[in-house]
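Everything below concerns the one structure shown next.
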Amino acid sequence: MPSWKTVPDDVKKEILEFSDYESRCIRCSMRLCSKKDYNLVDVTSFKAKNFAISEVFSNMDSNKTQIRVDIDNFTIWFIGKENQTRVDRGWDGNVLEEFSEIKSENRYIVIRRFLDRWHQRFGMIHAEKVSFVMFDQPPSAHWKIKCNKLTMYELRGGHDITWLDQCVSSKFEKLEITRTHGPPLPIDRRILGTSKSLRIGVDCNMSDEQLDSVKAPDFYVKSDGIKGSGIRRVLEKFLKNGQMEDRTEITVALPENFEFKKLVPENVSYRSLEIPEWSSSVFEVKLLGGFENVHGIQNPRKFRVRYTPDKAEVSCEVWKRPRSESLPIIENYDSE
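In terms of the UniProt record's numbering, the sequence shown has 59 at position 59, counting the first letter as 1, and numbering is strictly consecutive.
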């Protein structure tokens with residue numbers, strides 16, 4: 001288990017910066033460690049590269065959760081239920097026991113006070129990448145986020161919409177929002193202008209016109225407002241601009257008897273693939289040529305339509321070469 005003496009100076013700075021904001025006693029005790037640590041207390045400053053908040057439920061007690069805040073290599077855990085919270089701090093996932101404490105307060109009160117103090121000191125959550133995973137709290141009105149990459153996964157109660165509203169970034173490089181239930185996600189200019197990867201796994205009512213404005217070649221969206229003509233234009237853009245690891249996927253309400261071959265862009269040659277009886281795919285082809293990629297990636301593409309109970313999932317990605325040319329049937333194998 002790491003101890004204070006073995007922690008490098010740069011990590012000491014992180015711990016000092018984010019150690020107990022409510023109490024001065026820990027910081028005062030740091031000053032007593034050594035002259036070197038005294039100086040670290042007074043001069044330290046911090047700018048995060050990665051900032052993540054996640055919450056998980058206890059397997060033993062449904063009323064107990066663990067809220068974890070990761071700031072680069074430094075972690076703070078807020079663990080508890082009702083009005084009892086244990087606060088642990090650590091580095092590289094290892095708890096530094098000398099900084100652990102028990103508070104007779106609800107964990108949400110404790111973490112909100114932590115984030116309040118953060119904003120008092122730094123003005124906002126500013127990082128290259130910010131992530132919220134299953135965190136069951138909306139932001140306060142004065143909290144702000146600034147980042148290039150933002151991920152929000154299963155934030156209940158539509159809190160992802162509120163957190164997005166609190167983000168002062170004018171554009172994103174990568175944006176991912178996934179939620180099973182809740183209100184539709186409003187589409188704005190920042191979402192459409194995301195430059196590299198846009199993954200919207202929540203109903204958003206995106207229209208064909210908005211779809212045409214999407215910039216990111218790596219793209220996923222769920223919307224009943226998208227029609228067949230819009231999907232075809234997206235595929236044309238993907239064939240032109242997509243890179244090796246990019247994937248375009250759209251979940252829409254198209255009827256199962258729709259003529260899916262009409263989605264294949266004009267002049268693009270393709271070969272139909274055999275679909276196993278057990279597969280949920282209803283249309284699957286290998287796009288062979290007839291398109292020009294700006295990155296010089298002329299590999300064939302796999303274009304597939306599969307059905308969930310009431311939706312069509314349309315996807316396109318670079319064809320993955322079979323492992324063995326002696327087994328040509330693998331080319332027609334539909335992996336679920």
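For glycine and all other residues, C-beta sits at the position ideal for the given N, C-alpha and C.
Item	Value
Give the DSSP-derived three-state secondary structure of Glu128 in the structure shown.	coil
Identify whether Trp91 lies in helix, strand or coil by the three-state DSSP scheme.	strand
Can you tell me the Cβ-Cβ gap for Asn299 and Leu239, rounded? I've got them flagged as a contact below 8 Å.	With a Cβ gap of about 11 Å, Asn299 and Leu239 do not count as contacting.
In three-state terms, what does DSSP make of Ile231?	helix
Just to confirm, are Phe78 and Val110 a CB contact at a threshold of 7 Å?	yes
Might you give, ordered along the chain, the residues of its own chain that have their beta carbon closer than 6 Å to the beta carbon of His126, omitting 5 neighbours on each side?	Lys146
What first and last residue would you give for the alpha helix (DSSP H) that runs through Phe122?	Arg107 to Phe122
Roughly how many angstroms separate the alpha carbons of Gly230 and Leu211, rounded to a whole number?	7 Å
Starting from Arg306, trace the beta strand (DSSP E) both ways and give me its first and last residue.	Arg301 to Tyr307
Quick one: using the 10 Å Cβ neighbour count with 16 as the cut-off for buried, is Gln243 buried or exposed?	exposed
Keeping to the same chain, check which residues put their C-beta closer than 8 Å to that of Val264; ignore five residues upstream and five downstream.	Arg232, Leu235, Tyr270, Val285, Leu287 and Phe303
Which residue from Arg86, Leu96, Ser100 and Asn148 puts its Cα closest to that of Asn50?	Asn148
Report the three-state DSSP secondary structure of Ile191 (helix, strand or coil).	helix
Let me know the secondary structure DSSP gives Lys320 once reduced to three states.	coil
Under the three-state reduction of DSSP, which class applies to Gln210: helix, strand or coil?	helix
With residue 343 as the anchor, note down where its alpha helix (DSSP H) starts and where it stops.	What is shown of the chain runs 1 to 336, which leaves residue 343 out entirely.
Roughly how many angstroms lie between the CA atoms of Arg117 and Gly289, to the nearest whole one?	57 Å
Quick one: what's got a C-beta closer than 6 Å to Phe219's C-beta in the same chain, skipping five residues either side?	Leu198 and Thr248
Quick one: is Lys261 buried, meaning 16 or more other Cβ sit within 10 Å of its Cβ, or exposed?	exposed
Tell me whether Gln245 sits in a helix, a strand or coil according to DSSP, three-state version.	The sequence given here has Glu at residue 245, not Gln. Of the three classes helix, strand and coil, the one that applies to Glu245 here is coil, per DSSP.
Assuming contact is defined by CB atoms lying nearer than 7 Å, are Glu98 and Val87 in contact in what I supplied?	no
Taking the straight line between their C-alpha atoms, what separation do you get for Leu175 and Arg113?	27 Å
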